[in-house]
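Encoded as C-alpha cells, the structure appears first; notes follow it.
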Amino acid sequence: VARPNPHDFHIGEQVVVSGHARAVILSGADGRGKYTVGWPGGVRPVLEGVTLERSDTGFDAVPSEAISRPAFNPGQEVSVSGSGGDSRLAVVASGPDDSGHFTVTFEDDGSTSEPLPPHQLKLRRRAYVKQYTSAAVVGPGAALTGMLAVLVILFAMLAMFTGMVATCRRARSSHYFVCIENVERPGSNADSLESLLQPTHANGLDEFALSDKDDSAARDGDI
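Under the UniProt record's numbering, the sequence shown has 14 at position 14, and the numbering climbs by one with no breaks.
In C-alpha cells, the structure reads:
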C-alpha cells in the first residue's frame, strides 16, 4: 500500500506548522498548495522562515511544505473523530505502519481499533482539563469550611472594633464615680464641691466631673 502524501491534509486535522506551532486545518489546499489554518486561542505565533498570508476569510494561509503532522507515540492520549462527527477517547497502541496509520485502544470499552489515518487523531490536553475542573468544582465540605473561616474572621474584627471603641470612650471620659462610705453626702463643704458634684448616678454612686486643671493629677484612687 502506498504511503499517503505527507503534505495532503484534511479539514479539521490537527497539524504542526514550522515544527512547533500547533494549528488546525480550516481549508485547502488552494491552487498554490497553501492551506488556511487557525491557531489555538486565536494567537498568531512567531514563525521563523515561514511567511504567513491572510486569506480571504481573514485566517492565515500556510504553504504545505511548512505543515506536518504531530508525532503520535504509543501511550499518548488522543481523541478519535468518527465519520458522524462524534469522537472517542483513546490511547495510541502502535504505529505508524507502512501506510502511516495508527492503532489505538479505546478507553470506554477497551477495544482495539483498526488502523486509523492520522487525520482522525488529535492530541488531548488532559492536564488543562484537570486543572480547570479542580479549580471550578468545589465540594460542599470545602465551601462550608470557607464560610466558617469567614465568620470567625468577621467576629474577631467585630470584637477588636468593640474593644477599641470602649477604650476610646474611657480615655476621653473625665468623669469619675466615687463611693463615700459611712458618711452622708457632703453638706458642710458642699460649696467647694458644688461645682463638681453632679446628681447621683443611676448606679447609686456620686459622679464628679473633673476640670481640666484637675485632670492631670487625677488617678484612680486619688479621690
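A virtual CB, placed ideally from N, CA and C, is assigned to each residue, including glycine.
Cβ-Cβ distances below 6 Å link Phe-106 to Arg-88, Ala-90 in the same chain, with the five nearest sequence neighbours on each side left out; the list follows chain order. For Pro-118, the number of other beta carbons within 10 angstroms of its own is at least 16, and it is reported as buried. Less than 8 Å divides the Cβ of Pro-115 from the Cβ of Ser-99. Between Glu-13 and Phe-72, the alpha-carbon positions lie close to 13 Å from each other. A straight line joining the alpha-carbon of Thr-36 with that of Thr-51 spans about 13 Å. Under DSSP, the beta-bridge partners assigned to Pro-63 are Lys-34. Shown here for Ala-29: same chain residues with a beta carbon closer than 7 Å to its own, the five before and five after excluded, namely Tyr-35, Ser-64 in chain order.
Here Val-80 really is in contact with Leu-121; their C-beta atoms are around 6 Å apart, less than 8 Å. Note: Ile-25 is bridge-paired with Val-37 in the DSSP secondary-structure output. Secondary-structure assignment with DSSP links Ser-99 through no beta bridge to anything.
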